[in-house]
Amino acid sequence: MNLKIILILFVIGLAPLVFDYSYAQIKSGGFGQSPFERDFGDVKFLDAYFGTINEKIEVEGGDSNVPFTVVFANVGTQDITGIRGQLSLPFGFSGSDGPNSIIFADSDSNSLAGDNFHLTFFVNLDDNVKIQQYPGTVKVDYSRLRESGVRTAFANFDFKVTGDSVINVRALDPFLTSLRTNDVVIEISNDGTAPMSGVDIVATNTQTELASTTSSTTNIENVVILESNWDVGQINPKSSKYLTATVYVPEGLKGDTLRIPLSISYYNTHGDQDTISKIVDFYVKGLIDLTIFNVEVIELSEQQMVVGEIINEGNQDGLFGFVSLEPLGESNIMPNTQFIDEIEVDAPVPFNIPIKFDGEPKYGEHEITITVRYKDGVRDEIFLKHDETIFVEEPSSDNDEGPDMAMMIIPIILAIGVGFFLYRRRKKAQIETS
């Protein structure tokens, strides 16, 4: 009884091995039974990838009608012709003709003995296809020259859905100021699903390259860029790297759009180096360079006022200008604002703000702030502050007493005159009587 049980267990243990070898000729590369029979000939599989024979491409789920190339070598001793291929891929991949269609490809030429040849199929990827490695199987039918009949070769292989790298560039601050050095930050982002490695970026068509270029494609040739090459390294999917540069823009580009071309080279997930061109745009603003000077206190029409001047040493007028006076520290001068309109280039703009006190006047030194508020050419509001110490004098009392003393002296003089006249008249009458 024990021997029977042992014999039955032994037979059950050998059964998978027997059946496995029985169907070895139709076993595929890891995804179930192959629809093709195995009868290898003079064709050797070399490579399989998304792309054409000249260029590998990056793909991701949802891509349609994508070229898929399989490369073979004719390792036989004779030339072959009539090459036709049939492709079997796992679930999620289908022919460009539809989900249930057979994926065929033909070779347009013969393959000489010892040469390579390729078949390019066109494949659709479902939206749920993940970025990873997959197995596949290919069947190749061919005929030898000067031989009748068709031979068939099979190959199992692995291929990869790489994901797709998408490069975008933008300036964090798209405005530059002419006649001034600008610190520029440029964002290089990978908005795709595949990583980019060995990223190297060059600002092209700059002054350093004019000797080797016949013509300019942008207006960057008169702009000074202190840094023109950046080694960025790897940019993972959905992430960014940042470039910094120092840019000087001449006056002639004021009001124009500066276009900086970038050449971006990187290695894709196939290990091939790609190079693309991008352009970063900046708007060049004029320079408004204001200085506040000659701030002092004067008296006009019995009113003390803070006066001063504003000079614009840039190349663009300041718009919608206001000048504000604000107290600092223990000063009790009331805040006040004056509208001065445009602040023109190279023409001093005066301002005068009356001094008024919050409560009892405090004479002597006062700490104040003069603030100039204006807008530039793109209507951004800018503030310029200037701290100053002024001296407010106490009004003199002499002028107030002057009119009263005159009113008192004049009647006295008139009285003296009248008295002297009456005295002379009485004296004359006494003389005539005597």
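Per the working numbering, the sequence shown starts with residue -19, numbered consecutively. Quick reminder that beta carbons are idealized off the backbone N, C-alpha and C, glycines included. Computed from a predicted model, the values in this text were never measured in an experiment.
Item: Are the segment 238 to 246 and the segment 118 to 138 in contact at 8 Å, needing three or more beta carbon pairs?; Value: no
Item: To the nearest angstrom, how far is it from the Cα of VAL164 to the Cα of LEU280?; Value: 49 Å
Item: Can you give me the C-alpha to C-alpha distance between THR161 and PHE319, rounded to a whole angstrom?; Value: 31 Å
Item: Return the CA-CA distance between ILE147 and VAL275, expressed in angstroms with no decimal places.; Value: 54 Å
Item: Whole angstroms are fine: how far does the CA of GLU361 sit from the CA of VAL352?; Value: 10 Å
Item: Does the segment 164 to 182 come close enough to the segment 209 to 226 to have 3 or more Cβ pairs within less than 8 Å?; Value: yes
Item: Taking just the CA atoms, how far does GLU127 sit from GLY31?; Value: 33 Å
Item: Is the separation between the beta-carbon of LEU99 and that of VAL50 shorter than 8 Å?; Value: yes
Item: Just the Cα atoms here: how many angstroms apart are PHE337 and ILE268?; Value: 33 Å
Item: In terms of DSSP beta bridges, what is SER283 paired with?; Value: Looking at the sequence itself, residue 283 is Gln, so the reference to Ser does not match. For GLN283, which the question treats as bridged, DSSP gives the partners LEU280.
Item: Below 8 Å CB to CB, which residues in the same chain sit around PRO315 once its five sequence neighbours on both sides are set aside?; Value: SER304, LEU305, GLU306 and PRO307
Item: Grab me the residues of ASP416's own chain with a C-beta within less than 8 Å of its C-beta, minus the 5 sequence neighbours each way, in chain order.; Value: The structure shown does not extend to residue 416, since the chain spans only -19 to 414, so no value can be given for it.
Item: Does the beta-carbon distance from LEU156 to LEU206 come in below 8 Å?; Value: no
Item: Could you work out which residue in GLY251, ASP236 and ASN248 is closest to TYR263 when comparing CA atoms only?; Value: ASP236
Item: Kindly indicate which three-state DSSP category PHE(-1) falls into: helix, strand or coil?; Value: Legend: pLDDT at PHE(-1) = 43, less than 50; position of this residue unreliable, no value from coordinates given.
Item: Using the DSSP secondary-structure output, state which residues sit across from ASN295 in a beta bridge.; Value: None; ASN295 has no bridge partner.
Item: Ends of the beta strand (DSSP E) at GLN113?; Value: 113 to 124
Item: Using a threshold of 8 Å, state whether the C-beta atoms of ILE291 and PRO328 are closer than that.; Value: yes
Item: For GLY288 versus ILE348, is the C-beta spacing smaller than 8 Å?; Value: no
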